[in-house]
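If you read the sequences in order, they're chains A and B. Residue numbers for the first sequence follow this note's numbering, beginning at 1 and rising by one. Residue numbers for the second sequence follow this note's numbering, beginning at 1001 and rising by one. All C-beta atoms in this analysis are idealised placements derived from N, C-alpha and C, irrespective of residue type, glycine included. No experiment lies behind these values; they were computed from the predicted model shown. Below is one structure, written out as structure tokens, with a few remarks after it.
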Amino acid sequence: MSALASQTVNDPHVQLRRLYSSLLEEQNRFDEFKQLLSLYPVGEEDEESDDARSVRAKLNARINEWLCGDFDGLSATQVALWRSIVVEERINVALSPWKESNIY
Amino acid sequence: MNSIDALYAGFVSTLPPELLPLARVLPHALGLAPVEQATWSEVFSQAVTLEAPRLIAPAFPAVQPEQLRSAVLGHALSVIEAFGTDRIADGQVRASLELTTLLVALRRARDTILEGLAPGFGEVARAADRETNEGILEENALLKRLGAATFEEYARISLAKQAVGFPASVALARATGAGERVEAMVRRALAGVWLGLQFEDDAIDWEDDWRRGGGAWAVSLARRRLEAVRDQRADERPTEPDLVRRRVHRMGILYSMLRAARHQYRTAWRYARLLQAGPLVRWTEQRLARLDTVIPLERRHAGYVVRAMKLAPWAKEVLT
């Protein structure tokens, strides 16, 4: 592998893009990703609990399989962000005269 | 202040004092915005929704600024009122006396404005209200019983639902002496806009619609397509979410809905170009370009457009 290719694979931004694409392209992956995120406990404490760490490890292992091993892993902050968007659907977007607005 | 917000504020200032508090927070009261301070320009991502006459106005060289303001406000009040009535009808918003009184005030103001712009258009707008309400009722009845629907039925009912989106722009054409041929082109351009938005949105949002329990067009269209494939009635009515989704995906329904949206935008673009309505030409070109990107992806990866919508906030936050 060339130095440039290796650098690209290790780029966290590129890795997230690849994860994003893989979720868009496969419903089963998206469902499993969402299901694992829903198991991730979000507490008041700053420190990640053992349970949460275990779920995150499982999630990262699955992503690593989907991306054929080129994934460094999601941090606790990243998992919490994904969870709030994908599971809790805190933010929603859409478009027509009847529904194009955000619905809260 | 955005022009639509300024126009709405002008309307609010004409209301009796007891309606002012609700009128000022109406986007929030109708469940369309997260905070009371939200303005109408912040609610909708497409300017055409509340300001269609402004995008089409360059088609009428004789238009006066005051005529354009009247048409835009008349259109916006129609759409806002229809939103309110729809929200009450489907139970998302409680029909308080204050809200129903405010909706009556919106209708009356709209009627007066359009009548002043082009005599007879107050009644045209009221007829459009009725057509929209009938369209909504027909849609609710069909989707709730999980009825099978063809794309022709879908287009017919959707167009009826969008009836309130036409009178103000046609009144503007009439007021500027545009003639019947131009009025017909305005209707065709706007039909393409409203149906395009409706089809696109119904494809993107179908899982949410389904989850709310009122049925979804994607499901009814899939049911009809399944009947056509099997050459028999699809009596089974799957309610298990994954099964429903699999059927919608397998039948390529979302792909077909996006193609139908593209066809409508293309029609809108053609008529907007004939009318020389530059802003509407540009708007439709943007929608077409977006769909030209999304449609092949939906074809290859069924459900792509729904997942893209669900991940859009994250992508915007992290990937841009």
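Quick check on residue i: does DSSP put it in helix, strand or coil?
i: S22 (chain A); result: helix
i: S1013 (chain B); result: coil
i: R1246 (chain B); result: helix
i: A1234 (chain B); result: The pLDDT assigned to A1234 (chain B) is 48, lower than 50, so where the model puts this residue is not dependable; a value taken from the coordinates is nonetheless given after this. Reduced to three states, the DSSP call for A1234 (chain B) is coil.
i: D11 (chain A); result: coil
i: A1216 (chain B); result: coil
i: E45 (chain A); result: coil
i: P1065 (chain B); result: helix
i: Q1264 (chain B); result: helix
i: A1038 (chain B); result: coil
i: T1150 (chain B); result: coil
Residue i CB to nearest chain B CB: under 7 angstroms?
i: A94 (chain A); result: Caution applies to A94 (chain A), whose pLDDT of 40 falls short of 50 and renders its modelled position unreliable; the model cannot decide the point.
i: E25 (chain A); result: yes
i: F33 (chain A); result: no
i: F71 (chain A); result: no
i: I85 (chain A); result: yes
Does the separation of the CB atoms of residue i and residue j fall below 7 angstroms?
i: A1059 (chain B); j: L1068 (chain B); result: no
i: W1040 (chain B); j: D1005 (chain B); result: yes
i: G43 (chain A); j: N60 (chain A); result: no
i: V1012 (chain B); j: A1023 (chain B); result: yes
i: A1189 (chain B); j: A1109 (chain B); result: no
i: L1323 (chain B); j: Y1265 (chain B); result: Missing from the structure shown is residue 1323 (chain B); chain B here goes from 1001 to 1320 and no further.
i: R18 (chain A); j: L67 (chain A); result: yes
i: P1027 (chain B); j: V1043 (chain B); result: yes
i: L1254 (chain B); j: I1295 (chain B); result: no
i: V87 (chain A); j: S38 (chain A); result: yes
i: A1216 (chain B); j: V1305 (chain B); result: no
i: V1281 (chain B); j: R1270 (chain B); result: no
i: E1081 (chain B); j: R1107 (chain B); result: yes
i: F1121 (chain B); j: A1191 (chain B); result: no
i: E1131 (chain B); j: I1157 (chain B); result: no
i: P1313 (chain B); j: I85 (chain A); result: yes
i: H1301 (chain B); j: E32 (chain A); result: no
i: T1176 (chain B); j: V1079 (chain B); result: no
Just checking my contact of residue i with residue j at CB under 8 angstroms: how many whole Å lie between their CB atoms?
i: R1181 (chain B); j: F1166 (chain B); result: Wrong, their Cβ atoms sit about 16 angstroms apart, outside the cutoff.
i: L1073 (chain B); j: F1151 (chain B); result: Not really, about 35 angstroms apart at Cβ, beyond 8 angstroms.
i: L1007 (chain B); j: A1071 (chain B); result: In fact, because the Cβ distance is near 10 angstroms, the residues do not count as touching under 8 angstroms.
i: P41 (chain A); j: D51 (chain A); result: 6 angstroms
i: V1164 (chain B); j: D1111 (chain B); result: Not quite, the Cβ-Cβ distance comes to about 12 angstroms (not below 8 angstroms), so this is no contact.
i: E1200 (chain B); j: A1261 (chain B); result: 4 angstroms
i: H1075 (chain B); j: A1178 (chain B); result: That belief does not hold up - the Cβ atoms of H1075 (chain B) and A1178 (chain B) are roughly 16 angstroms apart, past 8 angstroms.
i: L1195 (chain B); j: A1155 (chain B); result: 6 angstroms
i: G1303 (chain B); j: Q27 (chain A); result: 5 angstroms
So, at 7 angstroms on beta carbons, what are the nonlocal neighbours of residue i in its own chain, with the 5 sequence-adjacent residues on each side left out?
i: Q1092 (chain B); result: G1031
i: A1173 (chain B); result: F1060, V1182, E1183 and V1186
i: A1105 (chain B); result: L1015 and L1019
i: G1278 (chain B); result: P1058
Closer than 8 angstroms by C-beta to residue i: which residues in its own chain qualify, once you throw out the five before and the five after it? Chain order, please.
i: E1134 (chain B); result: A1160
Only counting the same chain, and skipping five residues up and downstream in sequence, which positions put a Cβ closer than 6 angstroms to that of residue i?
i: F30 (chain A); result: L23
i: A1234 (chain B); result: Bear in mind that a pLDDT of 48 at A1234 (chain B), under 50, signals an unreliable position, so the model cannot answer this.
Counting only beta-carbon atoms, is residue i nearer than 7 angstroms to chain A?
i: H1301 (chain B); result: yes
i: R1307 (chain B); result: yes
i: P1313 (chain B); result: yes
i: Y1304 (chain B); result: yes
i: A1009 (chain B); result: no
Just checking residue i against the ligand FMN - is the residue's beta carbon closer than 6 angstroms to any of the ligand's heavy atoms?
i: W1269 (chain B); result: In the structure on display, the ligand FMN does not appear, and there are no ligands present to speak of.
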